[in-house]
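I have placed the structure first, in the form of structure tokens, so that the comments after it can refer back to it.
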Amino acid sequence: MAQRVLILFSHPYAEASRVNRALLNAVLDLPDVTVHDLYQHYPEQMIDVEHEQALVAEHDVLVFQHPLFWYSCPALMKNWLDTVLTFGWAYGDDADALHGKPWVHAITSGGAANVYQRMAYNQFSIAELLRPFEQTATLCGMPYLQPFLTQDVNQLDEIALQKRAAQYAQWIQGMVDGDLPPVVHTAHAPQVDFLAGV
Amino acid sequence: MADAHIPALLIQGAVYLGAAVLAVPLSKRLGLGSVLGYLIAGILIGPWGLGLIAEPETVLHFSEFGVVMMLFLIGLEIELDKLLELRTPIFGMGGLQVVLTIGLVVALGLFLHLDWRLALVAGMGVAMSSTAIAMQVLAEQGVLAQPSGRSAFAVLLFQDLAVIPLMILLLVIAPGTETATGFHMDWIAITKAIALVVVLIVGGKYLLRPILRYIANTGLREIFIAFALFLIIGVSILMTSVGLSMGLGAFIAGVLLADSEYRQELELDIEPFKGLLLGLFFIAVGMSVNLPLIMQQPWLVLGLGLGFVLLKLVLLFGLARAFGHKSQDALLFALTLSQVGEFAFVIFNAAADARIFTDNTASLLNSVVAISMLTTPLFMLLHGIYQRKRLNRKSSRHDAFEEQRAVIVAGFGRVGQVITRLLSSVGQPPTVIDFDPNQIDLMRQFGHKAYYGDITRPDVLRAAGIAKAKLLILAIDNAEDALETARYVRKHYPQVTILARARNRSYAFEYMDLEVDFVRETFAGALQLGEKVLTELGYSRFHAYRTAWRFRQHDEKLMWASHPIRNDMQQVVVNSLRMRNDLTRILTEEQQGDDKRERINQGWEQVGRPETDRI
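Protein sequences appear in the order of chains Z and A.
FYI, in our numbering the residues of the first sequence are 729 to 926.
FYI, in our numbering the residues of the second sequence are 49 to 663.
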């Protein structure tokens, strides 16, 4: 049976975004895939929690597609997490609305992969930077899957972008067909102690 | 020396205008309404008051011209659509009202052994209400669109229509008809009258419009007005020549033009005359109060006047109840129409001309009519006091144990309702003041604390608890009243925070002067609509939202910046140009975004910066 995939798309300037638009266009018409454009839906930033929870309940996989803003997600997506993942529904005793539903990011970033490492420009890996999301998913009982990263976007020419979009469609289609990316646990990587550097 | 060179007309004009200017504002200020002011001014300057206007003929001319002009304007307002929409109240209530009133008065007359003709004519006159007074009262009470107002309008409309058959009936029963020759003569007169009306209607339908178009095409406005006045006077003269009233002629002329494309133009052009002419009419009524005659038989005149009014009151109230009005609506309806109207003058004078009764009887009846007209403004004054007492007494009994509410919402219209609902939904129901008893009753049923009254009145504000309130929200439609109230409360209750709706920029400036926080009424709605337009034009919704928001910021900044210089037009223009250029630059830079790689900084909107590129 097909897995129903919900793409929660967050980009405040979607009209000006070349890469995210191309990726999104590639998956718009896939069956069993729902594209939910948060900024288009909630231009005034107030979220209809009941509507969102019902939408989540109707799907099996949650994909968060967004650009990396200040090493995190755009504000409305954070707002979505803060308001929709309520106590008693997403977490807490007997709260199992999200249990078993995979959580996965599809992220675009300006920087290339090699700037996301120790001693490099951005110091931390994407996996490390996304840890708050990883822990949120874990707390809600959701398998946290390996993200779909499109990096160094300013170097992507038109051909490369089309290729990337096709890969994205394939990746999403794979999830619909039950072919999920591997689960990741960055907690198993060596602990980085804040005190260590002092 | 100069006396001889001043035309009498100018002196009379000065007297009329002066009396009106003195009496009407005073009357309004005392809460008596404008109609009573005019009436009193008329009595004062009339032949039996100060005698400033001595010649009865002038009085008559002015009086008739006032009626004629008013009837033309009323005629203009009567459209076929409106007639159809109101046909039940018009023909049901109006018809019954006229027939029953005439029947009752005739029965009364016959009981008192009066001549049946006299009784019939008196009944016809008494059945009429004063369109001028009633419409003025309805407008001042703000109830034109409510059940009582609509029914009153419908009944007035029927009365207007009923005048034509009544005038013909008058000719039929004229005493001359009993002799053989007179009978013959009057049939000719009646035929002539009917023929003229037919000619007027047919001619008006086919000739009037081409002529109006021809004149309108000259582009000379004063000639257009001149033609309108010529038409009214000309038709009036024609009607008089066949024994019908001038007013009836003007009325028909008005109706003929009601559905023409020039109706609005005619109304606009004659509008400036309208108020003054109505005023003149009321002054004329005041002048026609024949004081010596009343003094001769004071009790007869007063008794008849009040008796007729009482009879109409009971009848109208019963009728309104029978047609399903609530008792409060029925009361207002009955009070509005309880006076005997200006048509009665026309009918009585015509009857005297037709020798149905003597001039003296006509004069007596006219005084009775004028007396009855004086009662209406007084009734309305009492009605207002009664309403306030009735409604507010009920409320103080109900709310005796309730704690003081922090918020007062003045006005329960479209704006006040939303605010009240919002506040109630968060458990902070406000005290509401409104001028409409139906709304007050309705709100009480839903457990709201509501006061009846005019918020510009200090006693109403006090009763609603302004002294202990924290917030006053001015949600009433009348912008002037709201501003006046804001000024009053600012001065006397400075601890109360006022929130107002500003109709436009100039009211916004007034509220800025008062340091009262406000919202521009239509601005938010217009912006929301504009946002939807941008979305339809292909903007993403968040982009449209941001653009509208920035525009709002810009506009408000502009308003604040032009506040101190608002009286210096040149500076305002320069300032607004500069600000508009700023906005254009901001919005185009945002638009060009990708290409120019140099967008205004809105956090992550500035994708082009090398630093963020690497994230």
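For every residue, glycine included, the Cβ atom is placed at its ideal position computed from N, Cα and C.
The model shown is predicted, which means the values in this text are computed figures rather than measured ones.
- The alpha-carbon separation between residue 849/Z and residue 894/Z amounts to approximately 30 Å.
- Put simply, the segment 385 to 404 of chain A touches the segment 416 to 435 of chain A. At least three CB pairs are less than 8 Å apart.
- Secondary structure at residue 792/Z: strand, using DSSP grouped into helix, strand and coil.
- With the criterion set as a beta carbon lying under 9 Å from some beta carbon of chain Z, the members of the segment 591 to 608 of chain A are 591, 592, 593 and 594, in sequence order.
- 88/A is the residue among 88/A, 269/A, 58/A and 60/A whose C-alpha sits nearest the C-alpha of residue 72/A.
- A Cβ-Cβ separation of about 18 Å leaves residue 90/A out of contact with residue 413/A under the 8 Å criterion.
- In terms of beta-carbon proximity, residue 772/Z lines the interface with chain A, with at least one pair separated by less than 9 Å.
- At a cut-off of 9 Å between C-beta atoms, residue 588/A counts as an interface residue with respect to chain Z.
- In the DSSP assignment, residue 872/Z forms a beta bridge with 831/Z.
- For residue 860/Z, no CB of chain A lies under 9 Å from its own CB, so it is not counted at the interface with that chain.
- Under the 8 Å Cβ criterion, the segment 490 to 499 of chain A does not count as touching the segment 514 to 525 of chain A, having fewer than three qualifying pairs.
- Residue contact check for residue 833/Z against chain A: no CB pair falls below 9 Å.
- Within the segment 809 to 821 of chain Z, no residue places its CB atom closer than 9 Å to a CB of chain A.
- With a cutoff of 9 Å on beta-carbon distance, residue 453/A and residue 479/A are scored as near each other.
- Within chain A, 588 have C-beta atoms less than 7 Å from the C-beta of residue 742/Z, given in sequence order.
- Straight across, the Cα-Cα distance linking residue 560/A with residue 571/A is about 17 Å.
- Here the alpha carbon of residue 591/A sits roughly 8 Å from the alpha carbon of residue 771/Z.
- In its chain, beyond the 5 residues on either side, 547 have a beta carbon closer than 7 Å to the beta carbon of residue 565/A.
- Collapsing the DSSP output to three states places residue 550/A in a strand.
- Rounded to the nearest angstrom, the Cβ distance from residue 742/Z to residue 199/A is 58 Å, too far for a contact under 8 Å.
- Looking at the DSSP output, residue 482/A bridges to 500/A.
- Counting only residues of its own chain and dropping the five nearest sequence neighbours on each side, residue 890/Z has a CB closer than 8 Å to the CB of 750.
- About 18 Å separates the beta carbons of residue 551/A and residue 563/A, which is beyond the 8 Å limit, so they are not a contact pair.
- What residue 768/Z touches in chain A, judged by beta-carbon distance under 9 Å, is 588, 589 and 590, going in chain order.
- In this structure residue 437/A is exposed. Its beta-carbon is surrounded by fewer than 16 other beta-carbon atoms within 10 angstroms.
- Using a 10 angstroms sphere on the CB of residue 543/A, the tally of other CB atoms stays under 16, which defines it as exposed.
- Counting along the chain, residue 735/Z sits inside no alpha helix (DSSP H); it lies in the beta strand (DSSP E) bounded by residues 733 to 737.
- With 16 or more other Cβ atoms inside 10 Å of its own Cβ, residue 594/A counts as buried.
- The secondary-structure analysis by DSSP pairs residue 800/Z across a beta bridge with 797/Z.
- Exclusion of the five residues before and after residue 313/A leaves 264 and 272 as the residues of its chain whose Cβ lies within less than 8 Å of its Cβ.
- In the DSSP assignment, residue 577/A falls within the alpha helix (DSSP H) that extends over 571 to 584.
- Annotated three-state conformation of residue 371/A is coil, per DSSP.
- For residue 315/A, the closest alpha carbon among the candidates 277/A, 395/A, 135/A and 582/A is that of 277/A.
- The DSSP assignment places complete alpha helix (DSSP H) segments of no fewer than 4 residues inside the segment 251 to 292 of chain A at 257 to 265 and 269 to 289, in order along the chain.
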